[in-house]
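Undergrad: Here's a structure for you.
Number of protein chains: 4
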Amino acid sequence: MSSVWGEYLKISLFGESHGPGIGVVINGLPAGLEIDRDYINRELARRAPGKSKLTTSRQEKDEFEILSGVFQERTTGAPLCFLIRNEDKRSRDYEELKDIMRPGHADYTARVKYSGFNDYRGGGAFSGRLTAPLVLAGAIAKKILSAKGITLGSHILGIADIREEPFDAVCLSSSTLLELNAREFPVLNEEKGLLMKEKIIRAREQQDSVGGVLETAVVGVEAGIGSPFFDSVESKIAHLLFSIPGVKGVEFGEGFALSRLKGSQANDAFYLQDGQVKTTTNRCGGILGGITNGMPLTFKTAFKPTPSIGRIQKTVNLATRQEVELQIKGRHDPCIVPRAVPAVEAAAALALLDLLLEKEKKA
Amino acid sequence: MSSVWGEYLKISLFGESHGPGIGVVINGLPAGLEIDRDYINRELARRAPGKSKLTTSRQEKDEFEILSGVFQERTTGAPLCFLIRNEDKRSRDYEELKDIMRPGHADYTARVKYSGFNDYRGGGAFSGRLTAPLVLAGAIAKKILSAKGITLGSHILGIADIREEPFDAVCLSSSTLLELNAREFPVLNEEKGLLMKEKIIRAREQQDSVGGVLETAVVGVEAGIGSPFFDSVESKIAHLLFSIPGVKGVEFGEGFALSRLKGSQANDAFYLQDGQVKTTTNRCGGILGGITNGMPLTFKTAFKPTPSIGRIQKTVNLATRQEVELQIKGRHDPCIVPRAVPAVEAAAALALLDLLLEKEKKA
Amino acid sequence: MSSVWGEYLKISLFGESHGPGIGVVINGLPAGLEIDRDYINRELARRAPGKSKLTTSRQEKDEFEILSGVFQERTTGAPLCFLIRNEDKRSRDYEELKDIMRPGHADYTARVKYSGFNDYRGGGAFSGRLTAPLVLAGAIAKKILSAKGITLGSHILGIADIREEPFDAVCLSSSTLLELNAREFPVLNEEKGLLMKEKIIRAREQQDSVGGVLETAVVGVEAGIGSPFFDSVESKIAHLLFSIPGVKGVEFGEGFALSRLKGSQANDAFYLQDGQVKTTTNRCGGILGGITNGMPLTFKTAFKPTPSIGRIQKTVNLATRQEVELQIKGRHDPCIVPRAVPAVEAAAALALLDLLLEKEKKA
Amino acid sequence: MSSVWGEYLKISLFGESHGPGIGVVINGLPAGLEIDRDYINRELARRAPGKSKLTTSRQEKDEFEILSGVFQERTTGAPLCFLIRNEDKRSRDYEELKDIMRPGHADYTARVKYSGFNDYRGGGAFSGRLTAPLVLAGAIAKKILSAKGITLGSHILGIADIREEPFDAVCLSSSTLLELNAREFPVLNEEKGLLMKEKIIRAREQQDSVGGVLETAVVGVEAGIGSPFFDSVESKIAHLLFSIPGVKGVEFGEGFALSRLKGSQANDAFYLQDGQVKTTTNRCGGILGGITNGMPLTFKTAFKPTPSIGRIQKTVNLATRQEVELQIKGRHDPCIVPRAVPAVEAAAALALLDLLLEKEKKA
């Protein structure tokens, strides 16, 4: 297992859901960067549960500590290590699950991979809880990008079978994105948003869960970031997105829908606006040949429904080698999508910053 | 730009469409592996154009040479370097395009990134031609996987707005996949296949192009391959898939459709078959927590329509800084999807082999 | 700055001398490994100061905590994070040194590299204190190697101008090495050892310091570990050794002395012993072509004298841009060599384990 | 085996001594760099044999071809691939050696590592011939450094037991270094040089070989390049140096000799010269805390004697499992040191360029 990622920026994730703590070490940050603890806390708060009926009632205080890399509230250039202590652990809830493989979870695959030595409590190293340090690293990355005029934002494109309209990928302002950043349940269309919330609440009532799709946009990225092949913007962002628990699909620009079009429809025509090269449409999501073209970057991330549900499920007990019925207790999210927003943005911010640092070294 | 990929297996891609040659260096191969030149040539032939009306009439002989790493037709353990010389180049076709940015292509983004020093002829380093060395590396990887009982295969799930049924992800045999491997236009439903071909031929007649979607499956992968987070099976495969020119969407298992389901529908129930853990459905595409669960691995790859079309398009000339109309001449694929099959399989095979080598080292 | 190292085993170091804590994240450990806290503590104790007149009187309790990767006292396969809290910090000692560049230290180079934002207290991220987490990671590596029959050990070959005889690189037992492991001042020749200690004590009295050389041996390494070129045993070990503060020279086998010999003297003749290939001499230090040959692996590491000395030194004040005289106060090691033993062994153990995991994946 | 090296600059080496060809792929070069083929050829010529009695009479024409990454004689930003075809191969010389392990060579270790599948002819992937592509990559790196005012140069510090004086590490001009670059047998003291040559010629007459030491200096490197720990200047340079066949020792500044000094002697005092920070001595070789301090960077590289000698040697035949006597025929270098100069400089140039690109990205 390698929980290390990145080339110019390198992050090293650690922790398990019910162990002493979780965290991340970040290498490659410039020295002298001001640490905005309020901003970091706001980002963490965005993924925190327990805020409403839409999420688990489990409390995760998620107070972070910076163990290294910061002196007098500025980065020193040395590796920055964030630590969050685990609290409010109800490890006993999991003891009886030890040998019973929860469907949709990593219990079985982890057991095989790690020969049964994995920490099975609360999903261990597979827990969505590990997105908290990702969000911490992402908060640093977003701040750096922000200083370069780059803004990220997301809306909930859909929950269950409800869908709202995607971003207008041609005309998209940073203020729209920042406004979305500030909201607990970011949607473009409030009515659709209500329908989505209803779906979540109903799922909760039914001891069930629902999935959904996030759409994320990045504005202010100059043209020329990324590379063909293995360092394409799509490759880098998708790599990190698919590391977030529950993500099963990623598309850039119009993605799968592009596959239904003709070239004459799909190609975004170039034109000049005040001497700057622009495209009249933006079906490619701001990326051509793996490199940004200066238009807003857009992508969608599909989440499966939370696998932890209260309903009775069929599965196996690997100690007794028997088929059994399982009813998961405990406090779980009926839908992970709203809480996943900062993690998805963190993934994109980290990928872009890594590519940006690559570009900058050539300047 | 880094055209180096991989951890335990490392590949280093090189070449430009109209330069002297293209190739790949592969590190980390076991010594003693027999080189099956016929098999490699068959894989190369699968992506070769000029075979029918469905592809460009451009001939790419694509004869490969092995420069190192093979002695007496077996791998030596040293880096294996494949070289394909470029031939049938009509570089003049591109001279007049030098300053005119082809929509949907990397002309503009490459020009910005490389300050105009990129080899613009035929897309240079951004050309789909670079998938030939990827297919060579993939042929080696597929052979190694094959010896471990792992088989990859794909079908064309859709072209333009035609869609056929996806694989039955629960009951999927290696013989079905191998049969698909042998076909030039692999589909599960011949009638749908005819409709798809029609779409391609019509697009060609209209000097236009169409996109499509491939579905790929891998059978015979044991449970326990992959990791949570950055080395998840999804992250590794998606990273390589998104490096293939034209790919704009990737989903695993039921992907985006999963986002519309409830947990009680999406979770694949475990059961025991002859003492082996199986799932009754396989919506997750054989991957839980980033690790294979022993069920067939399935994913879909969405391709945008080939951006090179004969129709008149609006764009800009960056030498004169004027908006212009462009009509691309030359011989182009009306649809890249059928030729992309071996590249997609190469990506998956390389990603899986890299993860498999990681697993084996722990044994 | 990248404090991440390794291919199959990946370590990520963090911390600064006077910050909240120092630590290391280790990726790639096999699951199920028993954690021997006593052994780890013994390794840490070997580098701990304050034990005698030979070292600084500064106390570093160095109690480690495991934040992740261990469950029920066995590794889980997830990243293992070690944390040591910093204590007994006298940060004020350094406040007045802020702008005065200590000769032989990284004060000036760090200030330039990090634009003055580096944590200058106690050497910050450059401190020898960072070898504590290296020793922690090394303790884990040594335990794994030990289970494979591999033993590392070192003796102090020289302090100042005193030199004792090197290891007999042909006949070298693990028991000799283990015995050296247990000693605070490991030498082969006690008389020479006394002379060396005298040199250190005299240096201390003179408010000065001395350098020295360690020789390290590894027995039980099978033939076939390593690679030509960039993964040569020498490259990997030297890379880590030269990351230890104060190391200025590394040689394998007879090293620099080999350069004075003829080929007929330097070549180690092969012979067969009970069917096993051995060499009659071992001038190459057990490595040919970057790969182990099964004979004991030996290397020497040269340390410069501790740069912190009480004597008056000439230097510059970069705030006033003036040349000044400096007298360093505080508690410093008159010689770092004895305390460096476990760090050097950790470097070698980590490098060898990384290469061993590479080899194993081929099996 | 990984023949891939580097972070910001990535090189991928390939080839075997008697295979079709050898080469290197370089990633991370800036676009627009002029390719100076004359310069590259001069660098290659420096390592070419057959020029005098001091080297093997074997002719290696070493004509390089650039397969990618260059367009209109400038780098494109895409990976640059150099290829040298192997010629003048006398593979039969090696057929009879197949099972007889040459002492001092990698025959035995390679056979074990690669289970006998390695290309044993001429040392295969272990051959010093692989330093030719390293020199090609180094020529590109040296040119880039040169444009930044950085010059590398070396002299032969010693052959067998002859030693000349080291560089004056405080006062060292680029013109001195460039002058040394132009010489076939670069020494500072001609008389000593004659004695060294005599040693080589005598060794040749005696069908023996000799080792030696190179000293290399780099002037014009600004302060602030490198990092503490794993990206220290020493770690990076030593890693590459120890990948050169025959290197058994590396020291920076006064290296091993520093271990004999007191801190008051070893510390280089800082002073101000025209407002610039300098040191009065330069015992540390221009590196403090792994980072350059702006003074000349100096290091020494120890080579063992060429293991190929005509004298009768004792060894084993692994086919018959018998001890045998071996007399190596063929044309071999009585001393590799003079031909190793450009390889050593290439290693240093590549390491420094990699670190420089890291620094630049922060600017």
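Protein chains in written order, with this note's numbering: chain S, 498 to 860; chain Z, 498 to 860; chain D, 498 to 860; chain U, 498 to 860. Beta carbons are placed, not taken as given, at the ideal position from N, Cα and C, and that holds for glycine.
Can you check whether the CB of A629/U is closer than 7 angstroms to the CB of I563/U?
TA: no
Undergrad: Could you work out which residue in Q770/Z, A843/Z, T776/Z and E751/Z is closest to F800/S when comparing CA atoms only?
TA: E751/Z
Undergrad: Could you name the residues of the same chain whose beta carbon sits closer than 8 angstroms to that of E719/Z, not counting the 5 residues immediately before and after it, in chain order?
TA: Answer for E719/Z: T789 and G791, listed in chain order.
Undergrad: Assuming the contact rule is C-beta atoms closer than 8 angstroms, T812/U and L794/U should be a hit. Round their C-beta distance to whole Å, please.
TA: Incorrect: roughly 41 angstroms between the Cβ atoms, too far for contact.
Undergrad: Answer with buried or exposed for A634/U, where buried requires no fewer than 16 other C-beta atoms within 10 angstroms of its C-beta.
TA: buried
Undergrad: Would T803/S and G760/Z qualify as a contact pair, given that the criterion is a beta-carbon distance under 7 angstroms?
TA: yes
Undergrad: From what residue to what residue does the alpha helix (DSSP H) around F753/U run?
TA: G752 to L755
Undergrad: According to DSSP, which residues form a beta bridge with E531/S?
TA: R571/S
Undergrad: Secondary structure at K550/D, three-state DSSP: helix, strand or coil?
TA: coil
Undergrad: Between the stretch 682-714 of chain S and chain Z, which residues of the former have CB atoms less than 7 angstroms from a CB of the latter, in chain order?
TA: A700, D705, S706, V707, G708, G709 and V710
Undergrad: Pairs of beta-carbons, one from the stretch 755-769 of chain D and one from the stretch 506-523 of chain U, closer than 8 angstroms: are there three or more?
TA: no
Undergrad: Kindly list, in the order they appear in chain S, the residues whose Cβ is closer than 7 angstroms to that of L510/Z.
TA: F726
Undergrad: Flag this pair as yes or no: are the beta carbons of L649/S and V715/S separated by less than 7 angstroms?
TA: yes
Undergrad: Just to confirm, are L850/U and I722/U a CB contact at a threshold of 7 angstroms?
TA: no
Undergrad: Helix, strand or coil, according to DSSP, for F614/D in the structure here?
TA: In the structure shown, the three-state DSSP call for F614/D is coil.
Undergrad: From this set, E842/S, E820/S, E855/S and S805/S, which residue's C-alpha is nearest H602/S's C-alpha?
TA: S805/S
Undergrad: Would a check of beta-carbon distances place A763/U closer than 7 angstroms to chain D?
TA: yes
Undergrad: Contact criterion: CB-CB distance below 7 angstroms. Does K745/S meet it with respect to chain Z?
TA: yes
Undergrad: Compare the C-alpha of P600/S against each of F664/S, G620/S and E676/S and name the closest.
TA: Nearest C-alpha to P600/S: G620/S.
Undergrad: Looking at the structure shown, is K639/S part of a helix, part of a strand, or coil, going by DSSP?
TA: Helix at K639/S.
Undergrad: Please confirm if G625/U has its CB atom under 7 angstroms from at least one CB of chain Z.
TA: no
Undergrad: Take I537/Z as the anchor and find which of Y591/Z, G655/Z and N678/Z has the nearest alpha-carbon.
TA: Looking only at Y591/Z, G655/Z and N678/Z, the smallest Cα-Cα distance to I537/Z is reached by N678/Z.
Undergrad: Ignore the nearest five residues each way along the sequence and tell me which others in K548/S's own chain have a CB closer than 7 angstroms to its CB.
TA: Non-local beta-carbon contacts of K548/S in its own chain, meaning distances under 7 angstroms to residues more than five positions away in sequence, involve E681 in chain order.
Undergrad: According to the neighbour-count rule (16 or more other Cβ atoms, all chains shown, within 10 Å of its Cβ), is N583/S buried or exposed?
TA: buried
Undergrad: For a contact meaning CB atoms closer than 7 angstroms, what does S729/Z contact in chain S?
TA: F739 and S740
Undergrad: Considering only residues of the same chain and omitting the five flanking positions on each side of G625/Z, which have a CB-CB separation below 6 angstroms?
TA: P742
Undergrad: Report the option in R699/S, P683/S and G646/S whose CA atom is closest to the CA atom of E662/S.
TA: P683/S
Undergrad: Closer than 6 angstroms by C-beta to E855/U: which residues in its own chain qualify, once you throw out the five before and the five after it? Chain order, please.
TA: Y505
Undergrad: Can you tell me whether DSSP reads E731/U as helix, strand or coil?
TA: helix
Undergrad: Do you know offhand how far C578/Z's Cα is from E531/Z's?
TA: Answer to the nearest angstrom: the Cα atoms are 15 angstroms apart.
Undergrad: In angstroms with no decimal places, state the Cα-to-Cα distance between A816/D and V632/S.
TA: 38 angstroms
Undergrad: Is there at least one Cβ from chain U nearer than 7 angstroms to Y605/Z's Cβ?
TA: no
Undergrad: Under 8 angstroms by Cβ, that's how I've got V744/D and G655/D pegged, so tell me the actual separation to the nearest angstrom.
TA: The pair is not a contact, with the Cβ atoms about 14 angstroms apart (cut-off 8 angstroms).
Undergrad: Which residue from A528/Z, A636/Z and I825/Z puts its Cα closest to that of A575/Z?
TA: A528/Z
Undergrad: Can you find the residues in the same chain that come closer than 6 angstroms, C-beta to C-beta, to R457/S, ignoring five residues on each side of it along the sequence?
TA: One cannot answer for residue 457/S here, as it falls past the ends of chain S, which runs 498 to 860.
Undergrad: Using the DSSP secondary-structure output, state which residues sit across from A714/D in a beta bridge.
TA: G650/D and T795/D.
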